[in-house]
Amino acid sequence: MSKKELLLGNFAVARGAYEAGATVATAYPGTPSTEITEYIAQYDKINSEWSTNEKVALEVAIGASIAGSRSIVSMKHVGLNVAADPFMTVTYTGVNSGLVIAVADDPSMHSSQNEQDTRYFGMAGKCPVLEPSNSQECKDYTKMAFEISEKFDTPVILRLTTRISHSQSIVSLEDRITDEEIISRPYDKNPDKYISAPANARKRRVIIEERLGKLQEFTNNPENNLINVEYNDKAIGIITSGASYQYAKEVCPNASFFKLGMVYPLPKEAITEFVNNCDKVYVIEELEPIFEKEIKSWGLYVIGKEIFPTIGELSPEIIRTCLKEAGELESKSLVTYEVQEDLPVRPPVLCPGCHHRGPFYILKKLKLNVSGDIGCYTLGGVPPLSAIDTTICMGASIGMAHGFEMAKGKEFAKKSVAVIGDSTFWHSGVTGLIDIVYNKGNSTVIVLDNSITAMTGHQENPSTGKTLKGDMAPQIDFVALGKAIGIKRVVEVDAYDLEKLEEVIKTEVNAEEPSLIITKRPCILIKGVKFEYKDLQVNSEKCNGCKLCLRIGCPAISFNNETKKAEINKSLCVGCGLCVDVCKRSAIELKEKKD
Amino acid sequence: MNILIAAVGGQGAVLASKVLGKLAQNIGKDVKVSEVHGMSQRGGSVVAHVKFGDKIYSPVVERGSADIVLAFELLEGARYVDYLKENGILISNTQKINPMPVIIGAVDYPEDIKQKMAEKNINTKFVDALDLAKESGNIKTVNTVLIGLLAKNSPIAKEEWVKAIKETVPERFLDVNLKAFEMGYNLN
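Sequences listed follow chains A and B, in order.
Take the first sequence: its letters are residues 132 to 726, numbered as in my numbering.
Take the second sequence: its letters are residues 77 to 264, numbered as in my numbering.
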């Protein structure tokens with residue numbers, strides 16, 4: 132079979148896992164990695180799940196590998212921080228069946244709280260890292276990663292970036308290897324290998340170094356298809372990988388290229404030969420100068436971050452500009468039409484009808500200190516809601532609220548709350564909450580439960596009642612959990628009942644013991660979620676132009692500077708009615724009810 | 077052929093880029109499509125890059141190299157005119173969607189966008205795609221109206237465009253989208 136399809140990089144990774152005969156896939160959603168597992172879920176032959184977090188996802192995959200299944204675990208770059216603990220030891224134990232860890236970095240932080248280079252994790256764990264440069268390679272390298280994993284008894288990182296994960300290019304599809312060919316190995320009962328206690332670990336530590344040397348030999352050999360050397364004009368040689376290869380190839384079609392498929396460890400002999408064959412060599416790599424530093428440590432002369440940026444993703448334009456400034460290219464900027472400077476920006480906002488809007492409006496009104504978390508509700512930090520003060524990482528809101536109290540005492544705790552979403556709470560908020568109870572804290576924690584993992588595009592989680600594959604699942608109950616860990620004050624409140632919400636928050640922050648508030652309303656984008664009222668309109672006689680309704684930051688409400696009245700954009704309004712409750716003059720009216 | 081689609085999150089830029097990708101594949105071209113998911117879906121400014129030709133390397137369109145900027149909203153078109161190559165075409169919806177800084181009164185929505193484009197001597201095609209989408213029977217076909225106008229301004233045969241739409245749009249929305257495409261196509 133040779134069918135060609137235009138595939139997203141993430142879909143191609145999923146296809147690669149399928150063709151390679153993987154039977155287990157796990158993940159916690161995170162942009163730009165999410166679609167890998169969503170796509171894998173469509174294959175009946177792969178047993179797949181959303182795990183509660185990346186650490187658990189990796190542990191499940193390690194278990195599956197030792198039990199004898201080819202397994203793939205997917206996450207975004209910050210997810211590997213969460214999974215770092217098992218990662219740093221599975222590189223010691225090695226694997227039974229192939230184990231691939233797909234990690235998607237987000238240079239330029241399109242949807243992330245920081246910019247990390249996962250190649251450093253490969254170096255830290257002495258774990259091989261492959262990096263594809265288009266969708267075809269996403270598929271091919273995923274398959275090779277399984278083979279390398281088994282051949283060298285190691286997990287393998289497949290490093291992706293936003294532009295590779297979220298670009299589509301043409302891929303040749305092949306069949307899945309047949310069940311007879313799949314190396315479905317027996318469970319590997321081998322305690323000397325898998326119990327990483329000191330006596331065993333010390334022996335494995337030696338094996339890791341030997342393995343690294345063998346991997347270097349392997350990637351040096353061109354027959355293994357992990358290096359791609361293309362000699363053209365030898366005046367300029369370019370060493371690169373991933374998306375950077377595509378950009379550089381477009382800007383310098385005539386240069387000589389050394390493209391790396393395995394980006395750790397590096398093929399020293401092959402690179403040395405290339406550098407010696409070219410007059411001048413540039414290293415073009417996104418984010419950190421990892422190739423550059425290593426190559427320079429071998430005593431070779433190459434140019435890298437002296438001219439190329441360390442911050443943000445690269446592009447053909449950046450490479451063109453940098454090479455021009457280095458005197459290498461004649462070409463000037465291609466831009467003909469400059470953009471007007473004073474155009475208003477368009478930041479992302481909470482959707483019309485989003486249930487986070489009510490709680491944030493009240494938190495701002497009560498002037499509380501709010502530690503926030505990762506998810507759609509991070510958007511509650513921008514004007515006009517401006518309701519949250521901090522966001523560090525998944526689950527951090529709860530521990531940080533406790534930290535507020537540790538630093539400033541009980542009275543400060545009465546002016547502070549933590550807000551966290553349902554999925555983020557299960558991911559890593561629950562341990563922080565137990566810490567508060569155990570250490571006799573008084574913090575108030577608000578779970579904004581919208582019944583979905585929303586920001587990454589609607590994935591199921593432990594409280595949604597469904598699995599990745601869409602099957603029914605047990606719904607884990609926030610109230611029962613709160614009580615089980617010893618919280619006496621657990622309150623559920625409708626996120627749209629502003630009056631009640633305000634009263635509950637005021638009461639709970641003042642209580643001298645921990646409180647758990649759950650604001651419950653499904654995400655407005657979930658299919659079938661609708662509001663009771665159909666049509667809202669501003670009564671222009673009652674509206675006095677006070678702009679109070681604008682403070683909820685609803686994209687459907689705007690202010691008409693000519694009439695000096697508020698207006699509702701009917702094509703955006705979903706009829707949630709929050710503005711009706713906020714308006715003190717009852718100027719926003721419900722025009723007609725739905726049937 | 078380099079096309080940059082500029083839109084507001086939720087307007088259907090991803091579906092439009094899929095139609096273009098399918099079209100390019102059907103006519104035997106190498107093609108790459110790139111877009112950023114995630115935060116930008118929540119009503120923010122979004123762009124999708126579509127490139128096709130004999131051999132495509134970079135998945136992103138370089139500023140100053142787009143044959144066409146296809147804008148789903150007036151301000152978003154103005155925001156990305158620097159992607160147009162000399163004599164490239166800006167095809168833009170005249171619909172205005174206020175961004176949050178305008179809604180809260182921090183800044184005004186620029187009133188002179190069309191005039192500014194004319195001053196730069198940009199080759200422009202403006203259309204009230206929202207109005208035509210309503211007429212077609214579904215307000216969400218703004219993207220397909222604009223694809224119709226793009227098709228009219230491209231050297232690729234109309235049947236290929238229709239075929240790509242048929243292969244991309246879900247069955248139950250197909251009729252209304254084909255109608256919207258015709259309305260966009262018949263504008264000039």
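For glycine and all other residues, C-beta sits at the position ideal for the given N, C-alpha and C.
Contacting residues, own chain, Cβ-Cβ under 6 Å from residue i (five flanking each side not counted)
{"i": "aspartate 726 of chain A", "result": "Low local confidence applies: a pLDDT of 47 at aspartate 726 of chain A is under 50, so the model's placement there is unreliable, and no value is given."}
{"i": "tyrosine 492 of chain A", "result": "Ile683"}
{"i": "cysteine 654 of chain A", "result": "Asn581, Ile583, Ala585"}
{"i": "alanine 205 of chain B", "result": "Asn169, Val218, Val221, Leu222"}
{"i": "methionine 77 of chain B", "result": "Phe128, Asp143"}
{"i": "serine 502 of chain A", "result": "Thr521, Ser528, Met531, Ala532, Ala549"}
Proximal chain B residues relative to residue i, where beta-carbon distance stays under 8 Å
{"i": "glycine 684 of chain A", "result": "Met176, Ile179, Ile180"}
{"i": "arginine 294 of chain A", "result": "Ser110, Pro135, Val136"}
Residue i - DSSP class collapsed to helix/strand/coil
{"i": "aspartate 188 of chain B", "result": "coil"}
{"i": "serine 574 of chain A", "result": "coil"}
{"i": "valine 221 of chain A", "result": "helix"}
{"i": "isoleucine 79 of chain B", "result": "strand"}
{"i": "glutamate 361 of chain A", "result": "strand"}
{"i": "asparagine 199 of chain B", "result": "strand"}
{"i": "alanine 642 of chain A", "result": "coil"}
{"i": "threonine 118 of chain A", "result": "Lying outside 132 to 726, the shown extent of chain A, residue 118 of chain A is not represented and no answer is given."}
{"i": "aspartate 580 of chain A", "result": "strand"}
{"i": "phenylalanine 249 of chain B", "result": "helix"}
{"i": "methionine 132 of chain A", "result": "Bear in mind that the predicted position of methionine 132 of chain A carries a pLDDT of just 49, short of 50, making it unreliable; the figure below should be weighed with that in mind. In the structure shown, methionine 132 of chain A sits in coil (DSSP, three-state: anything other than H, G, I, E or B)."}
{"i": "asparagine 163 of chain B", "result": "strand"}
{"i": "tryptophan 429 of chain A", "result": "coil"}
{"i": "asparagine 745 of chain A", "result": "As displayed, chain A neither begins before 132 nor continues past 726, which places residue 745 of chain A out of reach and without an answer."}
{"i": "threonine 521 of chain A", "result": "strand"}
{"i": "lysine 411 of chain A", "result": "strand"}
{"i": "isoleucine 279 of chain A", "result": "helix"}
{"i": "valine 209 of chain A", "result": "helix"}
Nearest-angstrom Cβ-Cβ length linking residue i and residue j, presumed shorter than 8 Å
{"i": "isoleucine 415 of chain A", "j": "threonine 371 of chain A", "result": "4 Å"}
{"i": "threonine 249 of chain A", "j": "isoleucine 288 of chain A", "result": "6 Å"}
{"i": "cysteine 453 of chain A", "j": "isoleucine 438 of chain A", "result": "5 Å"}
{"i": "serine 110 of chain B", "j": "histidine 125 of chain B", "result": "4 Å"}
{"i": "proline 259 of chain A", "j": "isoleucine 279 of chain A", "result": "6 Å"}
{"i": "phenylalanine 422 of chain A", "j": "leucine 346 of chain A", "result": "So it is not a contact: roughly 16 Å between Cβ atoms."}
{"i": "serine 554 of chain A", "j": "glycine 526 of chain A", "result": "No, serine 554 of chain A and glycine 526 of chain A are not in contact; Cβ-Cβ is about 11 Å, not under 8 Å."}
{"i": "serine 202 of chain A", "j": "alanine 192 of chain A", "result": "4 Å"}
{"i": "asparagine 667 of chain A", "j": "cysteine 704 of chain A", "result": "The sequence given here places leucine at residue 667 of chain A; asparagine does not occur at that position. The Cβ separation is near 6 Å, so the contact holds."}
{"i": "lysine 411 of chain A", "j": "alanine 366 of chain A", "result": "7 Å"}
{"i": "tyrosine 376 of chain A", "j": "aspartate 158 of chain B", "result": "The Cβ separation is near 25 Å, so there is no contact."}
{"i": "cysteine 524 of chain A", "j": "isoleucine 551 of chain A", "result": "About 12 Å; that fails the 8 Å criterion."}
{"i": "valine 739 of chain A", "j": "glutamate 698 of chain A", "result": "Limits of chain A in this structure are 132 at one end and 726 at the other, which puts residue 739 of chain A out of reach."}
Local Cβ density within 10 Å of residue i, reported as buried at 16 or more and exposed below that
{"i": "glutamine 191 of chain B", "result": "exposed"}
{"i": "isoleucine 688 of chain A", "result": "buried"}
{"i": "glycine 119 of chain B", "result": "buried"}
{"i": "arginine 451 of chain A", "result": "buried"}
{"i": "threonine 154 of chain A", "result": "buried"}
{"i": "lysine 274 of chain A", "result": "buried"}
{"i": "leucine 80 of chain B", "result": "buried"}
{"i": "alanine 328 of chain A", "result": "exposed"}
Proximal residues to residue i (C-beta, below 8 Å), its chain only, five neighbours per side dropped
{"i": "lysine 496 of chain A", "result": "Glu633"}
{"i": "phenylalanine 257 of chain B", "result": "Thr220, Val221, Ile223, Gly224, Ala227, Trp237, Val238, Ile241"}
{"i": "lysine 695 of chain A", "result": "Gly676"}
Cβ-based neighbour list, residue i, same chain, cut-off 7 Å, excluding 5 preceding and 5 following
{"i": "valine 95 of chain B", "result": "Ile223, Ala240, Ile241, Thr244"}
{"i": "tyrosine 133 of chain B", "result": "none"}
{"i": "glutamine 101 of chain B", "result": "Val107"}
{"i": "tyrosine 174 of chain A", "result": "Tyr149"}
{"i": "valine 90 of chain B", "result": "Glu111, Ala124"}
Proximal residues of chain A, C-beta to C-beta of residue i below 8 Å
{"i": "isoleucine 198 of chain B", "result": "Tyr468"}
{"i": "lysine 192 of chain B", "result": "Gln471"}
{"i": "glutamate 162 of chain B", "result": "Thr467"}
Where residue i meets chain A, residues with beta-carbon distance less than 9 Å
{"i": "valine 84 of chain B", "result": "Arg477"}
{"i": "leucine 151 of chain B", "result": "Leu474, Pro475, Arg477"}
Cross-chain neighbours of residue i in chain B, by beta carbon under 9 Å
{"i": "cysteine 482 of chain A", "result": "Gly86, Arg118, Gly119"}
{"i": "glutamate 381 of chain A", "result": "Ile132, Tyr133, Ser134, Glu138"}
Contacts of residue i in chain A (Cβ-Cβ under 7 Å)
{"i": "serine 212 of chain B", "result": "Result: empty, since nearest Cβ-Cβ is about 15 Å, beyond 7 Å."}
Chain B contact residues for residue i, given Cβ-Cβ distances below 7 Å
{"i": "phenylalanine 690 of chain A", "result": "Gly181"}
{"i": "tyrosine 378 of chain A", "result": "Ser134"}
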